[in-house]
Amino acid sequence: MDDQKKGTSVEELKTKGNECVKEGKFIEAVLHYTHAIKMDPSNYVLYSNRSFAFLKLDQHYLSLQDANETVRIQPQWAKGYFRRAEVEAASGLYDEAIISYTRALQLEPHNPKLMDSIKNITDMQKQKQKDNQNIIWICTCLGLAAGIGVVLLDYTLTTNPTLTHPLSMVAFAFALSAVGWAIGKAVTLMNTWSAGKSLQPPEELGVKGVSDEREFIPEKKNKYSKAQARQRYKQGKL
C-alpha cells in the first residue's frame, strides 16, 4: 500500500513537472522533478525530463549530468542518448553529439526524429568547418591587401621609400598575408577550444573561508628571553 502511494505521488510530481515544461516554467519543472527523484531515485524518466528542463535553462552541465544518469540507469533506452546528444550539440561538441545520436538510432533504427537530428548536426558540423576556412581566407586576404597598401603608400608618398626592390615589396606583402593567415587560424582554434565550455561545472556555493582551527588559536608567547630563561633555570626558578 505504501509503495502504491509513493508511486502515485511520484507520478503526480512528474505530471506537474511536465505541465510546467509545456507552460515554459522550467525552474518550477526542475523543482517538481527533483522532488520526485528524491522519492524514486531509480526512475530514469525523471532524470531525462529534468535534463530537458535544465537544457532549456541553459544549464548544460546539470543537463548533461542528468542525461548521463539516465543512460546509466537504463542503457537500452534511446531517449537517454538523445538527451545527451542534445546537450552536446547545444554546447558545440558536434562530434560527440553525432556519436550519441548514432547510439540512440541503433536502439531505435526507424526513428525519423533521430535521423533528422543526425542530418542536422552533420550539416552544422560541415558549416562550422566551412566558416572556419572562410575566416582563415578572409584574414589572409586582408593581410595581403594591407601589405600591398603599405607598399604602394611607401612607394608613392615617401621621398625615400623603404622598399625599393620589387622582390622586397612582394616579400613584405606576402609576410603580412602570412600574419593574416596566422590570425585567422588562431581565431578558429579559439572557437574550437571554446566548444564545450558551457559543460564546465558551476562554482560550488559552499562556505568560503573555512580555515583550520589552528588559525584561531593564538600562539603562546614566552614571558622571558632565552638568556633570562637560562638564568632562571640555574637559579632553580622555572
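Using my numbering, you'd call the opening residue of the sequence shown number 1221 and step up by one each time.
From the three backbone atoms N, C-alpha and C, an ideal C-beta is built for every residue, glycine too.
- Taking a cut-off of 8 Å on C-beta distances, the region 1381-1389 does not touch the region 1345-1354, as fewer than three cross pairs fall below it.
- Contiguous alpha helix (DSSP H) elements confined to the region 1291-1349 occur at 1298-1310, 1314-1327, taking only those with 4 or more residues.
- Exclusion of the five residues before and after His-1252 leaves Leu-1233, Lys-1236, Gly-1237, Cys-1240 as the residues of its chain whose Cβ lies within less than 7 Å of its Cβ.
- Under the three-state reduction of DSSP output, His-1255 falls in the helix class.
- Cβ-Cβ separation between Asn-1331 and Ala-1298: approximately 7 Å, consistent with a contact (criterion under 8 Å).
- Going by DSSP, Asn-1238 is part of the alpha helix (DSSP H) stretching over 1222-1242.
- Following the DSSP letters along the chain, one finds Asn-1269 inside the alpha helix (DSSP H) bounded by residues 1264-1276.
- Of the other Cβ atoms in all chains shown, fewer than 16 fall within 10 Å of the Cβ of Glu-1243; this residue is therefore exposed.
- Ser-1397 has its alpha-carbon roughly 17 Å from the corresponding atom of Asp-1374.
- The Cβ-Cβ distance between Gly-1367 and Phe-1394 falls below 8 Å.
- Its Cα nearest to that of Ala-1365, the residue Trp-1401 stands out among Trp-1401, Ile-1341, Pro-1261.
- With a cutoff of 8 Å on beta-carbon distance, Ser-1320 and Glu-1328 are scored as not near each other.
- Straight-line measurement puts the Cα of Glu-1289 at about 14 Å from the Cα of His-1280.
- The C-beta separation of Ala-1287 from Arg-1303 comes to about 4 Å, placing the pair in contact by the 8 Å criterion.
- Shown here for Leu-1284: same chain residues with a beta carbon closer than 7 Å to its own, the five before and five after excluded, namely Arg-1304, Val-1307, Leu-1419 in chain order.
- Burial check for Arg-1270: the Cβ neighbour count within 10 Å reaches 16 or more, so the residue is buried.
- Cβ contact annotation for Leu-1362 (same chain, cutoff 8 Å, sequence separation greater than five): Gly-1400, in chain order.
- Counting other Cβ atoms within 10 Å of its Cβ, Asn-1380 stays below 16 and is therefore classed as exposed.
- In chain order, Val-1371, Asp-1374, Tyr-1375, Met-1389, Phe-1392 place their CB closer than 8 Å to the CB of Leu-1383, counting only its own chain and leaving out the 5 sequence neighbours on each side.
- Apart from the 5 residues on each side of it in sequence, Ala-1324 sits with its Cβ closer than 6 Å to the Cβ of Ala-1298, Tyr-1301, Phe-1302, Leu-1334 in its chain, given in chain order.
- Asn-1354 counts as exposed, since fewer than 16 other C-beta atoms from the protein chains shown sit within 10 angstroms of its C-beta.
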